[in-house]
Each structure stands twice: as structure tokens, then as C-alpha cells.
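In this note's numbering, the protein residues as written are 5 to 467.
For every residue, glycine included, the Cβ atom is placed at its ideal position computed from N, Cα and C.
Okay, structure first, notes after.
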Amino acid sequence: MKKVLLGMTGVAVLLVAVPAYIGFNVEGRYQELVRQAEQSGFQAVQNQYQRGWFGSSAETQFSLQLPSDYSGEITEPVSFTLKSEVAHGPWIKKPLSGLAEINSSIFLDGENIFPEDYPAEIRTLVSFDGSGHTLVDLPATDLQANGERPAIRFSGVKGELLFDAAFKDVNLDFRMPALQIGDIDAEVASINDVQISSHSWKNSTGLMLGGGRLVIGSLSLDTDQGDVVAIDKLSIEVDSHEQDQQVNAAATYRFQGLSVADEHFGPAEMEISIERLASAVLLNIQQAVEELGSQQMQPAQQQIAMMSILLSNGHALLEGDPRLALSRFHLETPEGVVEGQFSVQTVGLLWPDVSNPGVILEKLLASGQLKIPQVYVNKLLALQMQKELMQQYQLHNGGGEELKMPDQSQLEDEAAMLAETQLENLLSQRLLQKQGGYLTAAMNMESGLLTVNGKSIPLPFNR
């Protein structure tokens, strides 16, 4: 009888302790998810977690500061609330499949962003080893226009996020067939065949590396001027890897076609890379940025803090002689092909040298080539001349002189003549060369000496 009582007592202790242990571990995993979101740029403004025996609930309010707009003004942050119901213990749909199941809903201004009867699924399965698998399934739906918000036709999103227990290895894959904004006969924007995939991991020191790919089948947008900008088969690929304790990163941008008004451009491809960045320095920057992301700061304060982080690590970055390159630029236009490449590298540049322009020029190694249809150079020069003429007329009139402002046609003609004269000067000085209907230039810079098309160009600050 005593053994039976002891056995029953042991079972009772397990029944009490195991759910508590599981609940405690599940809360730790949830808080780790929140911490990872903060390191990605989100701020957890409020975070509440109510732990129970076989289930818990969580409510976390996030804030995301969007980039400044084209005018440079800081935009208002976007805030939303993530409400989650956490099942653990015997209440998981598949009890042997893992430690817990987290079902989440997203609320904006206190309201669920999806209709009540909308079968949205945002579900995270946490395994016994701490790894996780988030499944997102948002079915297609149509939202009617409401006040200032236009109608939205949404084809749904499906995707998944896989992560290990330490969040050192993360895989992401999402797909969205289509999203249209506006009525059928008055469409404001549309985006089709969106695919996002990425794989990131941390090396032995904790530095995050990896790569990803964004593909958009087609994208169209109505401009304020009434024109339609359309892009066909847009893709962006990024990659970073470590070699000899240095990190190299690259990005490739492509599109098959770009239509603006009645003009068509493309295909196009651009490859950008940055090399020879010390891994240890990048790790310091990463850790500082992660710490910054977990703090609640005003956007202006964040920008100052970010600049301080970069400046404090600038000397160490320069020690590796970093190299920045536009290794390929290719754009097909109605007037011909635009091609170019450019690279610049510091060689032996130290942090104290940054305040001395002459020393900077001596310790830069650069080269570049450009080929462009002449008609575009004419247009660019004419636009610049037109801008300068307008400034001159405004300056004279503001100073008390009465100069009659020419009409737009006269202004364009005068700017075109000045642009033609300026182009002739550039050609006579061999800064540009003609090849049929194209203009070309090749430059090289080493030891403070600049040559363009084989001609030496004096530089300011040369010692």
C-alpha cells in the first residue's frame, strides 16, 4: 500500500511539475522570438505573457520605424499588436509533435486586420529541442473600399519560417500570387507572382551571414502625373560569406522590362559588391545594432546612435583595405545600351587620414568605364543647363534687376545650345570620346594620379 501511495504521489508530482516545466520553457521560447524580432528592427513597446498549466496567452505590441521618404522627412512608425494563444501539454493538436503550438493574430489600432470569419493561419510549432516552424496561410480575399482606403484584391500568402533552438540557422520562404489595389477599372497598383526566400546563419563567433532572393513577376503603379510605371520580372539576390576572417557581400538587381509612359527599357542587370570587411568588426557592429534595436528611442536618436556605432568602428574597417565595386551595369534603352563598371578601394588608409583630402586621394585605387548613347548625355546636360538658367534669372530678379523670364520653349532652346557647347568642350578635352552614336569614358586613379581616357587630370589637394 505504501508503494502504491508513493507511486501515486510521484505521478501527481509529475502531473504538476511537467506542465509547469513545459510552460516555463515555452515562455522562454516565445520571449526569444520577441527578442529576435527586436534585433530585426522591430521595437516591443509592450509585452505581456500569461502562463497557465496547459495553455498560455501573450500580447505584444510592436513598433516599426519606416525609412525616411524622398524628402528626407522622418515618417511615423507603424504599430501593431500580436495576440497569441499558446497550447502546451496535452492540448496540442498533435501532442507528440512538439513542445507547444502558438496561434497568432495581428491587430492594427485594436482591430484584427482580417475579417472575423477570415480563416487566417499564423501557427508556430515549437519542438522539444527548442527549434521551431512557423506556418503562414492567408487565403485569398477581397476587401471593399472603406473611406480613404481603396478596394483591395488579395490572392493570399503562403509561407514558412524554420529556425533552430539558438536562432543560429533560419530559413524563410513566402509566396504571394497577386495583390491589386483599387477598383478593376481604376487600378492604383498591382503586384504579381511574389516569391521571397532566404537562408541565414551565424558562424562560430555569432556573426550573421547568408543570402536571399526576392522575385516579382510584374509590378505596376499609377503616378501622380497619370502615367503608369510597369516593371516585368524584377529580381534581387543578395549573398554574404566569410573567407580568411573577412566578409564579402554582393547584390544583383535585374528586370526584364521597365515601361514609363511610352518608353520601354530593359533587360537590365546591376551587380554591386563590397569586400574585405573584417569579420570581428562586423560582429561588433552587429551586436551594437542588436542592442540598439531593443531600446525604445526616437527615430532621430536612433540615427545618431547608428552613426556613432559606424564611426566608432570606422578605423578598424579601414585596416582591411575595403573595396566597393559596381562590377556590372547593363541597361538596354530605346536609344541603345548603357554599360559601365566602377570600383574603388582604400590602400593603407588610416582613420587619422580621413581628415586630410590629399592623403585620401593618394591612398585610393579606383577604375571605371562608361558607355552611353549620346542622346542621353545631351538630355542630361540640357536639364542641368535649364536648372542653372532658372537660378540665374531668379537671382538677377531678386537683386533688383528686371530680366524678362523666357517662356518654357525659349528656356529649353537656350539650355540645349549651352549643353551642346559644354559637350563640345568635354570632347575637345578628351574627357569624353565618341564611338558612333555613343560617348565613352575610361578612368583610372592610383597614388593620387587621375587619368581619363589616357589624359592626366590635375586633382585638388594634391601634395
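For residue i, report the span of its alpha helix (DSSP H) as first-last.
| i | result |
| --- | --- |
| V285 | S283 to G297 |
| L481 | With the chain represented from 5 up to 467, any question about residue 481 goes unanswered, as that position is not in the structure. |
| L321 | P303 to L322 |
| E366 | P361 to E366 |
Does the separation of the CB atoms of residue i and residue j fall below 7 Å?
| i | j | result |
| --- | --- | --- |
| G452 | E366 | yes |
| S67 | V90 | no |
| V30 | A104 | yes |
| Q345 | L321 | no |
| N185 | I156 | A small fix is needed here, since residue 185 is Ile in this sequence, not Asn. Contact flag set, yes. |
| R332 | E275 | yes |
| S277 | E246 | no |
| G221 | N196 | yes |
| I200 | L218 | yes |
| S239 | S194 | no |
| T64 | L37 | no |
Buried or exposed: residue i, going by 16 or more other Cβ atoms within 10 Å of its Cβ?
| i | result |
| --- | --- |
| Y122 | exposed |
| G210 | exposed |
| V192 | exposed |
| V251 | buried |
| A149 | exposed |
| M449 | buried |
| G136 | buried |
| A272 | buried |
| Y74 | Residue confidence for Y74 is low, a pLDDT of 45 falling below 50, so the modelled location carries little weight and cannot support an answer. |
| S316 | exposed |
| I308 | exposed |
| T425 | exposed |
| A419 | buried |
| Q305 | exposed |
Could you give the residue range of the beta strand (DSSP E) that holds residue i?
| i | result |
| --- | --- |
| Y53 | F46 to R55 |
| Y257 | Q250 to V264 |
| V130 | E125 to V130 |
| Y442 | Y442 to E450 |
| P181 | D173 to D187 |
| T337 | R327 to T337 |
| K87 | V82 to H92 |
| L453 | L453 to V456 |
| V342 | G340 to T350 |
| D357 | Unbroken run through D357: none, as it is neither H nor E. |
| K408 | No beta strand (DSSP E) holds K408; DSSP gives it neither H nor E. |
| A170 | Taken as a continuous stretch (DSSP letters only), A170 belongs to no beta strand (DSSP E), as it is neither H nor E. |
| D226 | M212 to D226 |
When every heavy atom of the ligand SAM is checked, does at least one fall within less than 6 Å of the C-beta of residue i?
| i | result |
| --- | --- |
| M310 | By its list of ligands, the structure shown contains no ligand whatsoever, and the ligand SAM lies outside what it can speak to. |
Is it the case that the stretch 254 to 271 contacts the stretch 296 to 310, given that we only count it when at least three CB pairs across the two stretches are under 8 Å? The stretch 296 to 310 and the stretch 254 to 271 do not touch, with fewer than 3 CB-CB distances between them shorter than 8 Å.
Beta strand (DSSP E) runs contained entirely in the stretch 129 to 154, provided each spans 3 or more residues: If we require 3 residues or more, the beta strand (DSSP E) runs fully inside the stretch 129 to 154 come out as 136 to 142 and 145 to 147.
Is there contact here, the stretch 164 to 174 with the stretch 136 to 146, by at least three beta-carbon pairs under 8 Å? By the criterion of at least three beta-carbon pairs nearer than 8 Å, the stretch 164 to 174 is in contact with the stretch 136 to 146.
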